[in-house]
Structures are given as C-alpha cells and as structure tokens.
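Chemist: Attaching a single structure in structure tokens format; questions to follow.
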Ligand code: RAT
Ligand code: ZN
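Numbering (my numbering), first residue to last: 687 to 1088.
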C-alpha cells in the first residue's frame, strides 16, 4: 500500500526500530570469553573515549589514573564528568542514554547506588542484544594475540551471532614479532609462514573479513611490499574483503595509553590506486578525518570494489554524521554501509545504535517526503527493503553472508 505524507514518518520510525541490525565492526566478545567480554556500569564508565575526556578536562595525571582499579577509575569519571561537569559530549550522552533505557533514575543517587541498580538490570549479552536489536555482530580478532585467540579453542558460544574478523595491525606495528609467532605455530618448510599461519587461523575462525588500520606512512606497504601483495592475493583467493580503517595516528599522547590515539594523514589517491591494482579484491573503507569524507564518497562512486562503512571513532559525532550521511546518500543512494558501533563494552550497543537511529530517521524522512512530492509511490515494502539493506543487507551482501 502506498503511504501518504501523514503516515510516512511513523511507519518509517517503526521499521527503523524493529529491523534487525548486523553490526559490521565491534570489539565485543561472547560472555564466556573471560577477561574479554566487558559489560556493566563500571566498564561503561572506563571507556577510553571517556578517559580521554577526563584526562584533558581535569588535571588528573594519566599514570596515577591508570594505576587505579576499575571501580576507582569509573567512580572518578562519574564524579568529574557527570557530577562536577555537565555531561554533554557524545561519549557522556551515551552513558545517560543507557541509564534512561534501563529506567534508572539518577536523581539523588550516588555512583554506588547507580552501579548496584544498573548491574541488577543487565544480566547477559542477550538482554543487550535484544534492547539494541542487534542480531549478529563482527568481533575484532587478533590472530597474533594468543590469549585473545583462545576463544576459538572453545565451543560453547554462539558462532552465528558473534562472527570473526582477522585484525592484521600487528603485521604493521610489529612485523618481526608477528613473524616469530607465525613461525612458532607453522612448520619450518613453509615458503610463506605468515600466509600459512593466516590459513590456519582462517580455518579455526571462519572470518568474514580481514582488517587493518593505516595512515599514509603505512598505507604504501600495501602497494609496495611483496609481502602485502601476497596477503592481498591470499585474501582474494579466500574471497575475504579487506577492511581499511584509514587516517589513524597511534599514540599521539603515549601517556594516555589506549585513549591516546589521534588522527593521522591519508592520501586517498593511493586508495584509488589500490582498488585499480587489485580489482578482484574487495575493500571496506572508513576514514577517521572529516577532511577525507568527500573524496572517499567520490571514490566509492568510481570503484565497485570499494564499500564505505560507518562513522569511525572521531567521526561518530551527531553533527558530523548528519552532514556526511546526507552527502553519502546524495552521491551514493543507499549503496553503502551507514554505521557500525565500534562497541567495546557490550552495553554500548544500546546507545551507539539508538543515537544513530535518531539521526537516521529524520534524514531518511526528508528523502522519502521528496519522492512522494514528486509522485514516486512509497510503500511500506519499499521502506522495509531499504532499511533492511541499510542496517544489515548491504554489509552482508558485500561480505557474501547469507
Ligand atoms: O574506536 C575505538 O574504540 C578505537 O580505539 C579503535 O579501536 C578503532 O575503532 C579500531 O578498531 O582501531
Ligand atoms: Zn574499532
């Protein structure tokens, strides 16, 4: 049935809120992966986005802060960012969204009261997945971190819900050490120990893509090193897309540890070269700097083997998303992957997705209203088809997942 201007907004909202999400990039793990599955109020508060905010908004010394246990870290963050200051940043707003979603009143309650109440409400990842409507997600799995990789030695977790990806940053950050690990775990007569090692990790984890974060200094390795060319050939043989997370500079402030990474340079002309040199490889791409977004969108219009995804990290701000999402739609229609959560604490799925949907709805509404105005009929089926594609189908199709 064709929709009218009067019922369009509600129908669209309803479809956005009820469509299952496939989350293309997270740092989450299933609950039985002890020490890696993170959930609960204290982890939520000791998120590195909030730590960076704390360490720059106060005169708290980074190494002193990091010497505290999680309980103390999170209570300091609550006191400094939520009690002594007004929590308006996106990272702070996220915490408040979750608290509200769980119907927790914060008035007249201290940190401990909220913690106790919060931890009574969230019992498992199932709770969170239901609340956020995420049906499956992709983890970030580092094949060179043997402790983290031990997940694939276990069988009691839901492999359909938690999909694997091979994160290859260690091959850039510490090639020698990675090679040593690969040699230790493969037989000596292998011609290429790294490929043999990846092959082994591939069969253990059935990843849906490989990923690497780069800047202009490291991107050229992909084009120039025979080692990376072999990896690209191997990825192609496996039909595994490579996710390129571009424009990060690690440790701009080393003292901040995980919270100390920043923006680096990236030359997207080189990305275009890569797409041409490896036409049979598929590339998922996201850029960290606002400056690169327009050029990236143009490249996505030129290279069928390049698919834009998400609003990564410093780009994940409502003001920027509104602007760039519209630009992407104007140029690409709906043929891109609009968002991923990058959640590190499972509970964050709730806010990362609800914040995005709040932006998505009015923006899409404008496009559909314009279509109606031009007498293009819009039915509920069309809306459902489009939202399925945006929240899951585009990513799954690119990855070849049924
Ligand atoms: O957004 C983040 O949490 C960053 O620390 C990074 O993990 C980034 O998303 C990445 O995957 O490198
Ligand atoms: Zn990430």
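All C-beta atoms in this analysis are idealised placements derived from N, C-alpha and C, irrespective of residue type, glycine included.
For the ligand RAT, enumerate in chain order all residues having a CB closer than 5 Å to any of its heavy atoms.
Modeler: Cβ-based neighbours of the ligand RAT within the cut-off: 899, 999 and 1028.
Chemist: Less than 8 Å between the beta carbons of residue 716 and residue 831, yes or no?
Modeler: On the chain shown, position 30 is the one that residue 716 refers to. On the chain shown, position 145 is the one that residue 831 refers to. The answer is no: Cβ separation not under 8 Å.
Chemist: Could you say which of 891, 858 and 983 lies nearest to residue 841 if we only look at CA atoms?
Modeler: Position 155 of the chain shown, counting from 1, holds the residue named residue 841. Among 891, 858 and 983, the Cα nearest to that of residue 841 belongs to 891.
Chemist: Tell me whether residue 733 sits in a helix, a strand or coil according to DSSP, three-state version.
Modeler: Position 47 of the chain shown, counted from the start, is the residue given in the question as residue 733. Residue state, collapsed to three classes: coil.
Chemist: Tell me whether residue 712 sits in a helix, a strand or coil according to DSSP, three-state version.
Modeler: Position 26 of the chain shown, counted from the first residue, corresponds to residue 712. Correct three-state label for residue 712: coil.
Chemist: Would you check if there are 3 or more beta carbon pairs closer than 8 Å linking the segment 687 to 698 to the segment 1048 to 1062?
Modeler: Output reads yes: the segment 1048 to 1062 touches the segment 687 to 698.
Chemist: Between the C-alpha atoms of residue 714 and residue 720, what's the straight-line distance to the nearest angstrom?
Modeler: Locating residue 714 in the chain shown gives position 28, where the first residue counts as 1. Locating residue 720 in the chain shown gives position 34, where the first residue counts as 1. Cα to Cα, the separation comes out at about 12 Å.
Chemist: Roughly how many whole angstroms lie between the Cα atoms of residue 791 and residue 784?
Modeler: The sequence position of residue 791 within the chain shown is 105, counting from 1. The sequence position of residue 784 within the chain shown is 98, counting from 1. Straight-line Cα distance between these residues: approximately 11 Å.
Chemist: Spatial neighbours of residue 803 within its chain, please: CB distance less than 7 Å, with the 5 preceding and 5 following residues excluded, ordered by chain position.
Modeler: If you number the chain shown from 1, residue 803 lands on position 117. Excluding sequence neighbours, residue 803 sits near 790.
Chemist: Out of curiosity, what's the CA-to-CA distance linking residue 1078 and residue 903?
Modeler: Indexing the chain shown from 1 puts residue 1078 at position 392. Indexing the chain shown from 1 puts residue 903 at position 217. Their backbone Cα atoms lie some 33 Å apart in a straight line.
Chemist: Apart from the five residues just before and just after residue 1018, which ones in its own chain have a Cβ nearer than 7 Å to its Cβ?
Modeler: Counted from its first residue, the chain shown places residue 1018 at position 332. Within the same chain, residue 1018 has close Cβ partners 983, 986 and 987.
Chemist: From the DSSP secondary-structure annotation, give me the bridge partner or partners of residue 851.
Modeler: Residue 851 sits at position 165 when you count from the first residue of the chain shown. Answer is 895.
Chemist: State buried or exposed for residue 995, treating a residue as buried only when at least 16 other CB atoms are found within 10 Å of its CB.
Modeler: Residue mapping note: residue 995 aligns to position 309 of the chain shown, counting from 1. It counts as buried.
Chemist: Regarding residue 713 and the ligand ZN, is the C-beta to nearest heavy atom distance less than 7 Å?
Modeler: Taking the chain shown and counting its residues from 1, the one referred to as residue 713 is at position 27. At least one heavy atom of the ligand ZN is nearer than 7 Å to the Cβ of residue 713, so yes.
Chemist: Kindly list the residues whose CB is nearer than 6 Å to the CB of residue 838, restricted to its own chain and excluding five residues on each side of it in sequence; keep chain order.
Modeler: As a position in the chain shown, residue 838 is number 152, starting the count at 1. So the qualifying residues of the chain are 890 and 891.
Chemist: For residue 788 and residue 700, I'd like the C-alpha separation in whole angstroms.
Modeler: As a first step, residue 788 is located in the chain shown; it is residue number 102 there, counting from the start. As a first step, residue 700 is located in the chain shown; it is residue number 14 there, counting from the start. The alpha-carbon atoms of residue 788 and residue 700 are separated by roughly 20 Å.
Chemist: With a threshold of 6 Å on Cβ separation, who are the neighbours of residue 941 within its own chain once the five nearest residues in sequence on each side are excluded?
Modeler: On the chain shown, position 255 is the one that residue 941 refers to. Cβ neighbours of residue 941 beyond the five flanking positions: 748.
Chemist: Alpha carbons only, please: which of 814, 961, 799 and 746 is nearest the one belonging to residue 1039?
Modeler: Within the chain shown, numbered from 1, the residue matching residue 1039 stands at position 353. With distances taken between Cα atoms, residue 1039 lies closest to 814.
Chemist: Grab me the residues of residue 757's own chain with a C-beta within less than 7 Å of its C-beta, minus the 5 sequence neighbours each way, in chain order.
Modeler: Stepping through the chain shown from its first residue, residue 757 is reached at position 71. If we look at residue 757 and ignore the five residues flanking it on each side, its Cβ neighbours are 728.
Chemist: Just how far apart, CA to CA, sit residue 706 and residue 808?
Modeler: Here residue 706 refers to the residue found at position 20 of the chain shown. Here residue 808 refers to the residue found at position 122 of the chain shown. Each residue's Cα considered, the two are about 20 Å apart.
Chemist: Whole angstroms are fine: how far does the CA of residue 936 sit from the CA of residue 765?
Modeler: Taking the first residue of the chain shown as position 1, residue 765 is located at position 79. Taking the first residue of the chain shown as position 1, residue 936 is located at position 250. Approximately 29 Å between the Cα atoms of the pair.
Chemist: Helix or strand or just coil, what does DSSP make of residue 797?
Modeler: For the purposes of this step, residue 797 is identified with residue 111 of the chain shown, where counting begins at 1. Three-state DSSP puts residue 797 in a helix.
Chemist: Let me check one thing: in DSSP terms, what residues is residue 694 bridge-paired to?
Modeler: Here residue 694 corresponds to residue number 8 of the chain shown, with the count starting at 1. Answer is none; residue 694 lacks a bridge partner.
Chemist: Would you check if there are 3 or more beta carbon pairs closer than 8 Å linking the segment 950 to 968 to the segment 1043 to 1055?
Modeler: No: the two stretches stay apart, fewer than three of their Cβ pairs being nearer than 8 Å.
Chemist: With DSSP collapsed to three states, give me the class of residue 984.
Modeler: For the purposes of this step, residue 984 is taken as the residue at position 298 of the chain shown. Looking at residue 984 - three-state DSSP - the assignment turns out to be helix.
Chemist: Could you have a look at residue 995 and say whether DSSP puts it in helix, strand or coil?
Modeler: Along the chain shown, one-based indexing puts residue 995 at 309. Reduced to three states, the DSSP call for residue 995 is strand.
Chemist: Under the rule that 16 or more other beta-carbon atoms within 10 Å means buried, what is residue 867, buried or exposed?
Modeler: The residue you call residue 867 lines up with position 181 of the chain shown. Buried, by the Cβ-count rule.
Chemist: At which residues does the alpha helix (DSSP H) containing residue 781 begin and terminate?
Modeler: The residue you call residue 781 lines up with position 95 of the chain shown. Counting along the chain, the alpha helix (DSSP H) containing residue 781 begins and ends at 776 to 787.
Chemist: Judging by CA-CA distance, which residue of 1028, 945, 901 and 980 is the nearest neighbour of residue 1006?
Modeler: Looking up residue 1006 in the chain shown gives position 320. Of the candidates 1028, 945, 901 and 980, the one whose C-alpha sits nearest the C-alpha of residue 1006 is 980.
Chemist: DSSP beta-bridge partners for residue 969?
Modeler: Along the chain shown, one-based indexing puts residue 969 at 283. Residue 969 is bridged to 928 and 992.
Chemist: With DSSP run on the structure shown, which of helix, strand or coil describes residue 1133?
Modeler: Residue 1133 is absent from the structure shown; the chain starts at 687 and stops at 1088.
Chemist: Can you check whether the CB of residue 710 is closer than 8 Å to the CB of residue 1081?
Modeler: In the chain shown, counting from the first residue as 1, residue 1081 sits at position 395. In the chain shown, counting from the first residue as 1, residue 710 sits at position 24. Yes, the Cβ-Cβ distance between residue 1081 and residue 710 is below 8 Å.
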